[in-house]
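Following this line, the structure appears as structure tokens:
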């Protein structure tokens with residue numbers, strides 16, 4: 044099925060003439076829960092649910108461990124995770140301290156499996172009904 048969208052009409056109220064514009068808005072669906080994912084993985088590989096959950100929990104634990112000490116982690120065709128941070132620019136060398144760090148984050152770089160999925164992902168209109176946003 045892929046991604047679905049609807050056409051949306053909206054006013055740009057921040058502009059003086061308040062023009063009407065159109066955009067595509069992605070429809071969202073409920074997220075798959077961790078329990079659902081564990082059950083599906085368990086069923087597809089013939090291992091019981093407790094063992095599947097234990098392996099996933101151990102994998103997450105090791106990912107966290109290596110990223111806590113500054114390593115990026117490559118997971119084959121799945122992709123890579125890399126801990127990083129963003130900083131404010133300092134005007135002098137002395138001002139460039141840990142206090143200039145704004146945000147710590149984890150970057151995810153999709154691997155071959157996700158890149159292939161994105162290339163093949165269909166995008167379709169849910170309906171031709173127009174939704175209006177003010």
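In this note's numbering, the protein residues as written are 44 to 177.
Ideal placement from N, C-alpha and C gives every residue a C-beta, glycine not left out.
The model shown is predicted, which means the values in this text are computed figures rather than measured ones.
Specify, as a first and last residue, the run of the alpha helix (DSSP H) that residue i falls within.
i           : result
residue 102 : 92 to 111
residue 67  : Taken as a continuous stretch (DSSP letters only), residue 67 belongs to no alpha helix (DSSP H), being part of the beta strand (DSSP E) at 63 to 69.
For the beta strand (DSSP E) that contains residue i, what are its first and last residues?
i           : result
residue 79  : Here residue 79 belongs to no beta strand (DSSP E); instead the alpha helix (DSSP H) covers 77 to 88.
residue 150 : 144 to 153
residue 122 : 122 to 130
residue 47  : 46 to 54
Between the alpha carbons of residue i and residue j, how many angstroms are there, rounded?
i           : j           : result
residue 84  : residue 95  : 7 angstroms
residue 150 : residue 103 : 15 angstroms
residue 92  : residue 105 : 20 angstroms
residue 76  : residue 100 : 15 angstroms
residue 163 : residue 137 : 50 angstroms
residue 49  : residue 165 : 14 angstroms
residue 145 : residue 170 : 42 angstroms
Looking only at its own chain, which residues have a Cβ that is under 6 angstroms from the Cβ of residue i, when we skip the five neighbours before and after it?
i           : result
residue 62  : 55
residue 153 : 122
Near residue i, what residues of its chain come up, given a Cβ to Cβ distance below 8 angstroms and the 5 sequence neighbours on each side ignored?
i           : result
residue 147 : 126, 127 and 128
Below 7 angstroms CB to CB, which residues in the same chain sit around residue i once its five sequence neighbours on both sides are set aside?
i           : result
residue 167 : 45 and 47
residue 64  : 53 and 55
Query raised in the report: So does the stretch 113 to 123 actually touch the stretch 71 to 87, counting three or more Cβ pairs closer than 8 angstroms?
Result: Fewer than three pairs of CB atoms, one per stretch, sit closer than 8 angstroms, so the stretch 113 to 123 makes no contact with the stretch 71 to 87.
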